[in-house]
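Chains V and L supply the protein sequences, listed in that same order.
Mapping of the first sequence onto my numbering: position 151 corresponds to residue 151, and the numbering continues sequentially without gaps.
Mapping of the second sequence onto my numbering: position 171 corresponds to residue 171, and the numbering continues sequentially without gaps.
2 protein chains.
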Amino acid sequence: MARPRAFNNDEVLDAAIACFWRRGLDGTSVRDLATQMGINGPSLYNAFGDKRTLFIRSLERYASRYMRERIERLERHQSPKAAIQMFFQEVISRSLSDPDYCGCLIINSALEVAPHDRALRKVVVGYLGEIESFFVRCLTRGRAANDVPISVEIADTARLFLGLLIGLRVAARANPDRVLLEGMVRPALALLNKSKTSRNVSQPKGVTQC
Amino acid sequence: MARPRAFNNDEVLDAAIACFWRRGLDGTSVRDLATQMGINGPSLYNAFGDKRTLFIRSLERYASRYMRERIERLERHQSPKAAIQMFFQEVISRSLSDPDYCGCLIINSALEVAPHDRALRKVVVGYLGEIESFFVRCLTRGRAANDVPISVEIADTARLFLGLLIGLRVAARANPDRVLLEGMVRPALALLNKSKTSRNVSQPKGVTQC
DNA sequence: CAAATTGTGTATCGCTCGATACAATACGCT
DNA sequence: AGCGTATTGTATCGAGCGATACACAATTTG
């Protein structure tokens, strides 16, 4: 019963995600946002409240479109162990092919905004927890399928993978070097291939296992 | 042969470090800096050029006072393997007792400024390389002392530790939880104790395993 | 059609930012 | 002492910030 919106919320949110992804919350101005979203400042405030709220909405959409998409796709189509391996392989591939050093919006936010914003910290911690849970599920199912060695302590190994993922994405922003990124992941993934009963086969160096 | 400085460069640099540590480069204003450093704006510019140059000076002093201090102290007084273990133990202890969620200035900078500043990126990458080299040295010496299993691939394991350190400090800024931080480190440090704890038999040289 | 309501576009608010102009000040030097 | 020089304090610059006032446009409802 009034004038309708001239834009689609999800489409302009994607533009906002791109802005925050590259420059962070403080590094992105409302003018940048409005320009990239193709709307005017007042329309932005009318639709999303303020910059921080727009950031929260963008972060939530990012989590769905990128993090959860990857997790659900890998869990649906891969074996538990392969899901973990391909998860890191995809992240490394993405990090190396990104000319803007964007990294991961969630992890960027964990460092930029979480320490200074209690509510946003809880949101970010929740997203990180989803990633950790993904690792826990994969490890649990992998062990049930006898595909993950008994020597792997599931809870701590999931935490290791989470920490390594964070380190990987942060390191890639400063130094996106394939040798470094693949190297830091290799010994961790090797934990999943330790032979359970007899000898194991060492991975040839320089080859990304998948 | 003129009016002398009314302040000590190192002392005010320590105050600048505290500011940048808490809020980052963009999050710290020149007014904040001047106030905390106990000097006036023009004195700051006269002594250090501009904010970015002051940040570089602060970062360099931080690297010496904190990162290199820890590395040199641990390498001097601990066995190679214990140096690595205590390194992580100290970082976790520090992260858990820090009410301001400061993290590590170098790692914070890797995410905040490195992607947007080529010169600073090289500086940060250099500092990260020093940490990686510390791990390489410890692992090399530990293996020479028969204290690190032959199964440990030194270069990649050093990269793993670097990645894990970064992930640890970033995660701690968003979620400083002892269970999480100690858990993510435990499986990595366990790599250093593999064949030792399982059952006796320190590795006879010449027997290749894994 | 007219009234009511909501989005849009222009212009701008008050504020803080990084960085300086300028004059007063305090020291070493001869 | 008194000149030369570097530092200090005050006051402020132009630019960009987040956010909004206000009039106009577009749509639904009566």
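Where a beta carbon is used, it is the ideal one built from N, C-alpha and C, also for glycine.
Query                                                                                                                                                               : Result
Any chance the region 146-163 of chain L sits against the region 176-184 of chain V, with 3 or more Cβ pairs inside 8 Å?                                            : yes
Quick check on this structure: which residue in A110/L, P115/L, D98/L has the alpha carbon closest to the alpha carbon of D98/V?                                    : P115/L
With C-beta atoms as the reference, is L13/V less than 8 Å away from R57/V?                                                                                         : yes
Going by the beta-carbon positions, is the gap between R121/V and A144/L smaller than 8 Å?                                                                          : no
So with Cβ pairs under 8 Å, would you call I150/L a contact of chain V?                                                                                             : no
Counting only beta-carbon separations shorter than 8 Å, does G142/V have a partner in chain L?                                                                      : no
Please state whether the Cβ-Cβ distance between G24/L and N108/L is less than 8 Å.                                                                                  : yes
Go ahead and label V91/L buried or exposed: buried means 16 or more other beta carbons lie within 10 angstroms of its beta carbon, across all protein chains shown. : buried
Can you find a C-beta in chain V that's less than 8 Å from the C-beta of N193/L?                                                                                    : no
Does the Cβ of E153/L have 16 or more other Cβ atoms within 10 Å, making it buried, or fewer, making it exposed?                                                    : buried
Mind pulling the chain L residues with CB within less than 8 Å of E153/V?                                                                                           : R186, P187
For the region 44-53 of chain V against the region 80-87 of chain V, are there 3 or more C-beta pairs whose distance is under 8 Å?                                  : no
Residues of chain L with CB under 8 Å from L44/V, in chain order?                                                                                                   : The contacting residues do not exist; L44/V stays about 22 Å from chain L at best.
Return no unless some Cβ of chain L is closer than 8 Å to the Cβ of T28/V.                                                                                          : no
Using beta-carbon positions only, say whether A158/L and L139/L come within less than 8 Å of one another.                                                           : yes
Would the C-beta of S58/V count as close to the ligand GDP, meaning under 7 Å from any of its heavy atoms?                                                          : Absent from the structure shown: the ligand GDP. Ligands present: none.
Out of curiosity, what's the CA-to-CA distance linking M1/V and C102/L?                                                                                             : 50 Å
Under 8 Å, Cβ to Cβ, is there at least one residue of chain L near T157/V?                                                                                          : yes
Using a Cβ cut-off of 8 Å (strictly closer), state whether V170/L contacts chain V.                                                                                 : yes
What separation, rounded to the nearest whole angstrom, lies between the Cα atoms of V148/V and V170/L?                                                             : 28 Å
Using a Cβ-Cβ cut-off of less than 9 Å, list which residues of the region 97-108 of chain V approach chain L; keep chain order.                                     : D100, Y101, C102, G103, I107, N108
Of all the CB atoms in chain V, is at least one closer than 8 Å to the CB of P115/L?                                                                                : yes
Just the chain V side, please: which residues come within less than 7 Å of R121/L by C-beta, in chain order?                                                        : A174
Measuring only between beta-carbons, confirm whether I56/V sits less than 8 Å from chain L.                                                                         : no
Leaving out the 5 sequence neighbours to the left and right, which residues in its chain are closer than 6 Å to P176/V when beta-carbon positions are compared?     : S95, L96
Leaving out five residues on either side along the sequence, give the residues of the same chain with a beta carbon under 7 Å from the beta carbon of V124/V.       : I106, S109, A110, A114
Tell me whether the beta-carbon of L33/L lies closer than 8 Å to the beta-carbon of L54/L.                                                                          : yes
Helix, strand or coil for E69/V, going by three-state DSSP, please let me know.                                                                                     : helix
Terminal residues of the continuous alpha helix (DSSP H) containing F7/V?                                                                                           : Counting along the chain, F7/V falls outside any alpha helix (DSSP H), and DSSP gives it neither H nor E.
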